[in-house]
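J.: Counting from 47, one number per residue, gives the positions in the sequence shown under my numbering. One structure is given below, represented as structure tokens, and several questions about it will come after.
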Amino acid sequence: MKRILLILALAAATAALSQRALACTNVIVTPGASADGSSMVSYAADSHWLFGELYFRKAAKWPAGSMLAIRDWDSNKPLGSIAQIASTFQTVGNMNEHQLIIGETTWGGREEQVDTNGVMDYGSLIYITLQRARTAREAIQTIVDLANEYGYPSEGETFSIADPAEAWIMDLVGKGSDQKGIVWVARRIPDGYICSHANQCRITRFPWNDPENCMYAPDVAEFARSKGWYSGPDEEFSFRDAYNPLDFGGARGCDARAWSAFNILCDGVFTYEQEGEEVSRPASDWLEYAMGYDLQGEMPLFVKPSRKIGVKDVADVMRDHYEGTPMDMRVDIGAGGNACPYRWRPMNFKWEDKTYMNERAIATQQTGFWFVAQARAWLPDVLGALVWFGCDDAATSYLTPIYANTKEVPECVREGNGDLLHYSPTSQFWICNRVTNSCYRMYDAMEPVVREAADLFENAMINEAVPALDARLLKIYEARKGRKGAVRKVVKEVTRFSVNTAMEQFNRWVALEEMLTVKFIDGNVKAQDADGNFLHSQYSTGIPDGLQQPGYNDRWKAAVARDHGDVIEVR
């Protein structure tokens, strides 16, 4: 391996990884790549300051001259106000009633490109655009118009934008405080392909004469030239290299997650287009790149999955810890004696004269909320817009289906039901945190129990409950099509289903947390029968039978013996 590059990059990596500690991951699936023909976007909103709740804005009409106050999504700082439009669409989370989905990951970029006077931060761009645009192309234009008119005070972003027909990836960054607006480029993901991004700008070179599949700011290259960041011709211009140059941290802490998502969904073989032809190469060809050892390679922006991708496939990618790769977080001593694939922040640490890093996987402890959203073209908008929504660490939480045309959201994910400083016993975020943090202490024993419970629920919803409801309501909708009550009936049913399902699963998770406490207390593992009842002794229902004490794994034992064996050796 070209480890000399790693050594040379360590100083820069310390700063880069620290900046990217607040990070997100997206996977984008086009209709032709999905098992059911839907467009899908997954998103983990990862931040140590973000609470997990489901944002809900009803469709509305606004009087002429109305203004909309803008607050920074990350800090809640007031930024100013913008003109409100006459009518807005309903939004649930990161999806609207017309099946438009928008996700994001932040990549920072050059500090001088932040417009400190701007009004439209990246979060406001997402949620206001969802209220105003029907399609992915409309969304791109809306984002551009808002940022250029009101200024953009955030760092560089990559947006995932999808509707029932197509999916796009969009990279954008501001022009600084002395010039309002953004430079940007958006590329349509070829149907049948997937894309992924994770806090590193992903678009490099792009086609300049293909408006159906690529859009960009008129000055996208010229602005970089004016700043001295690029000096070549348009056709050789790389957006990433000009505005977010790749370094060790960008590869290892960020693009490695996109690589891992591709690796899983492509079964270890990347199929992509190169000079008009489709080629296939093993994912391992980009492992040196993903690990930050060889930054000369360029990972494909789009790849074709090895199979049709379903909701559960995407959900499980969001639970990844680099299992089965050299970056597997379960196997080094940092995982402790119970193979815990988590490392507390900061991401870097120094020992003696060297700097080391903790891996940053897709699944992480600081997730506020996460989702897999589906835009389903074969269904009317009132039924087709579906968000699978979860809170906290994806690996040990669950996704519950919420239809975007619901008239209310469940109490467990309602905005204002708790926050990061105020515990709420009726909050999905808090109960998922209780379950997840419980798992961290005996991960190899507890995670499989929690994962089985999540899989059981999600598979039942994906394979049975949701398809059955879709079929029943589509029949009702078609029978009443054109009549006033058709949409009202469907909305009533999807609301009931979304709310009841979420609350029932919330109550199951409360019971799960209680069971975990009893089963795994004090490092013990209590036995249960097939129905989940705890086994007890012959003489008392309160004394466990079949109790086990699994202890620690061999790597931990070897490390402790080396470190402290002269004191604890039995003689």
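Glycine residues also receive a C-beta, built at the ideal position from the N, C-alpha and C atoms.
Starting from Q187, trace the alpha helix (DSSP H) in both directions and tell me its first and last residue.
T.: Taken as a continuous stretch (DSSP letters only), the alpha helix (DSSP H) holding Q187 covers A182 to Y196.
J.: Just checking, does the stretch 435 to 449 make contact with the stretch 220 to 239 on the three C-beta pairs under 8 Å criterion?
T.: The stretch 435 to 449, when compared against the stretch 220 to 239, does not touch it at the 8 Å Cβ threshold.
J.: Once the 5 residues before and after K572 are set aside, which same chain residues still bring their CB inside 6 Å of it?
T.: Cβ neighbours of K572 beyond the five flanking positions: K565, F580, P590 and L593.
J.: Counting pairs of Cβ atoms below 8 Å between the stretch 276 to 296 and the stretch 319 to 328, do you hit three or more?
T.: As far as the Cβ criterion goes, the stretch 276 to 296 does not touch the stretch 319 to 328, which means the pair count is below three.
J.: Is the stretch 390 to 405 touching the stretch 352 to 366, taking contact as three or more C-beta pairs under 8 Å?
T.: The stretch 390 to 405 vs the stretch 352 to 366: no contact.
J.: Tell me E203's beta-bridge partners as DSSP assigns them.
T.: For E203, which the question treats as bridged, DSSP gives the partners T152 and L218.
J.: Could you give the distance in angstroms between the alpha-carbon of D516 and the alpha-carbon of L425?
T.: Approximately 8 Å between the Cα atoms of the pair.
J.: Just to check my reading of the structure: R376 and M337 have Cβ atoms closer than 8 Å, yes? What is that Cβ distance to the nearest angstrom?
T.: No, R376 and M337 are not in contact; Cβ-Cβ is about 17 Å, not under 8 Å.
J.: Could you check the C-alpha separation between R49 and Y339 for me, to the nearest Å?
T.: Because the pLDDT at R49 is just 39, under 50, the model does not fix this residue reliably, and the value given afterwards should be weighed accordingly. Each residue's alpha carbon lies about 6 Å from the other.
J.: Report the start-end ranges of each beta strand (DSSP E) in the stretch 293 to 326 that is 3 residues or longer and not cut off at the edges.
T.: Here the runs fully enclosed are 315 to 320.
J.: Considering C241, what are the terminal residues of the beta strand (DSSP E) in which it resides?
T.: Unbroken beta strand (DSSP E) run through C241: I240 to H243.
J.: Pick helix, strand or coil for N483, following the three-state DSSP scheme.
T.: N483: helix per DSSP, three-state reduction.
J.: Q177 by DSSP, collapsed to three states: which one?
T.: Three-state DSSP puts Q177 in a helix.
J.: Name, in chain order, the residues that DSSP records as bridge partners for H367.
T.: Paired residues: none, contrary to the question.
J.: With I379 and W602 assumed to form a contact (beta carbons below 8 Å), what rounded beta-carbon distance in angstroms separates them?
T.: So it is a contact: roughly 7 Å between Cβ atoms.
J.: Looking at the ligand ATP, does it come within less than 8 Å of A548, judged from the CB to the closest heavy atom?
T.: Looking for the ligand ATP in the displayed structure turns up nothing, as the structure carries no ligands at all.
J.: Determine the DSSP secondary structure at L63, reduced to helix, strand or coil.
T.: Note that L63 has pLDDT 43, beneath the 50 cutoff, so the model's placement of it is unreliable and no number is given.
J.: State whether the stretch 553 to 569 contacts the stretch 484 to 502, with contact taken as three or more CB pairs (one from each stretch) at a distance under 8 Å.
T.: Taking 8 Å as the limit for Cβ pairs, the verdict is that the stretch 484 to 502 does touch the stretch 553 to 569.
J.: Which of the three DSSP states, helix, strand or coil, is assigned to I448?
T.: Residue state, collapsed to three classes: strand.
J.: I'd like to know whether the C-beta atoms of L429 and G436 end up nearer to each other than 9 Å.
T.: Not a contact, by the Cβ cut-off of 9 Å.
J.: Nearest-angstrom Cα distance between H610 and Y368?
T.: So the two alpha carbons sit approximately 30 Å from each other.
J.: Rounded to whole angstroms, how far is the Cβ of D544 from the Cβ of P447, which I believe are closer than 8 Å?
T.: The displayed chain sequence assigns Ser, not Asp, to residue 544. With 8 Å as the limit, S544 and P447 qualify as a contact, their Cβ atoms being about 7 Å apart.
J.: In whole angstroms, give me the CA-to-CA distance for R117 and S170.
T.: Going from the Cα of R117 to the Cα of S170 covers about 8 Å.
J.: Pick out the complete alpha helix (DSSP H) segments inside the stretch 519 to 543, 4 residues or longer, and give them in chain order.
T.: Whole alpha helix (DSSP H) segments, 4+ residues: zero.
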